[in-house]
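Under the numbering used here, the first residue of the sequence shown is numbered 443, with each subsequent residue one higher.
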Amino acid sequence: MTTTTLSPTRVLGLARANTTLVLRNRLTLIYAVVLPLAPLLLLLVGDSGSEASGAGAAAIITALMMAALFPVFYNLLSQLVTRRDELVLKRLRTGESTDAEIIVSLALPGFVIALATAVVAVPVAMLLGQDAPLNPLLYAASVVLTLLLFAAFALWTAAWTRNAEAAQITSMPVIVLAVLGQVAIGFPEEVRRWTDLTPGAAMTDLVRVTWFGMETGSTERTLDFAGTWAPAGQPLLVLVAWTALAVYLARRSMRWEPRS
443 MTTTTLSPTR VLGLARANTT LVLRNRLTLI YAVVLPLAPL LLLLVGDSGS
493 EASGAGAAAI ITALMMAALF PVFYNLLSQL VTRRDELVLK RLRTGESTDA
543 EIIVSLALPG FVIALATAVV AVPVAMLLGQ DAPLNPLLYA ASVVLTLLLF
593 AAFALWTAAW TRNAEAAQIT SMPVIVLAVL GQVAIGFPEE VRRWTDLTPG
643 AAMTDLVRVT WFGMETGSTE RTLDFAGTWA PAGQPLLVLV AWTALAVYLA
693 RRSMRWEPRS
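Here you go:
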């Protein structure tokens, strides 16, 4: 990926075509739109009131993780592999589109869906009894950084995915990294010392801190707005480190033609 210039017109044109393909595939539409929003239904059975509950935090974290994994990661991964095997990527590179425009246009539909999920989660959660995000600036930054990370993961994973069917297997390491960090909140402290370094744990901690004001291991709000910045530092650094690594690996391993 040597060319990085972007033309908004070309990007939006290609993204519109990719969105049309997503909307025509019922299965893709379900896991790209329905699955990320479904966990918000768990808020119906959570505690209500001004105090954020553990159930509410878990529901919102799950919704955001599903948005990162399916519309962004898996959708982009499957599109990259399919378009590569059909020589679409190769043909696009022979035209006016730059490498960056091709990649951004493929990622943009899923990215917009995931961002919409993160935005919609706020009024839905508030209507169902949860508090508004305590630090909306950090919450927004955490969401965007998480989505960028999983988009980079998709580019890297596509490089060693032989075909679209194999994506179901090659996507598992990334899914494990995401899910392990989310469920590790109940692990012993000795284990969490290591699982906290996973992107899933970093995203989980950031949502708990920036939205619910919960410190690590707590199920009640103990932080105010000013107090959220320091606890968010380590998980933010973890996400930045993973993103930098994923982008580096993606740039080195990107394949534009079918594997031989």
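C-beta: ideal position from N, C-alpha, C; glycine also.
Starting from the C-beta of residue i, find all residues in its chain whose C-beta is less than 6 Å away, skip the five residues before and the five after it, and write them out in chain order.
i, result
"Ala626", "Arg634, Thr637, Ala643"
Using only the alpha-carbon positions, how far apart do residue i and residue j sit?
i, j, result
"Ile545", "Leu665", "39 Å"
"Thr652", "Phe553", "21 Å"
"Leu589", "Leu597", "13 Å"
"Val585", "Leu691", "22 Å"
"Arg540", "Thr447", "The question names Arg, but residue 540 is Thr in the sequence shown. Roughly 7 Å between the two C-alpha positions."
"Leu469", "Glu607", "14 Å"
"Val682", "Val649", "16 Å"
"Pro478", "Glu632", "31 Å"
"Pro551", "Tyr473", "13 Å"
So the alpha helix (DSSP H) residue i belongs to, where does it begin and stop?
i, result
"Tyr516", "Unbroken run through Tyr516: none, as it is neither H nor E."
"Gly675", "671 to 695"
"Ser539", "Looking at the DSSP string, Ser539 is not in any alpha helix (DSSP H), and its letter there is neither H nor E."
Grouping DSSP H, G and I as helix and E and B as strand, with all else coil, what is residue i?
i, result
"Ala701", "Residue identity differs from the one stated: residue 701 is Arg in this sequence, not Ala. Arg701 falls in the coil class under three-state DSSP."
"Leu576", "coil"
"Pro630", "coil"
"Ser660", "coil"
"Gly655", "coil"
"Thr603", "coil"
Buried or exposed: residue i, going by 16 or more other Cβ atoms within 10 Å of its Cβ?
i, result
"Trp467", "It should be noted that the sequence gives Asn, not Trp, for residue 467. Exposed, since its Cβ has fewer than 16 Cβ neighbours within 10 Å."
"Phe512", "buried"
"Gly537", "exposed"
"Pro481", "buried"
"Ile611", "exposed"
"Leu534", "buried"
"Thr462", "exposed"
Please go through the same chain and pick out, in chain order, the residues whose beta-carbon is closer than 7 Å to the beta-carbon of residue i, but skip the five residues on each side of it.
i, result
"Phe595", "Phe515, Val616, Ala688"
If you drop the 5 nearest sequence neighbours on each side, which residues of the same chain put their C-beta closer than 8 Å to that of residue i?
i, result
"Pro700", "Arg526, Asp527, Leu529"
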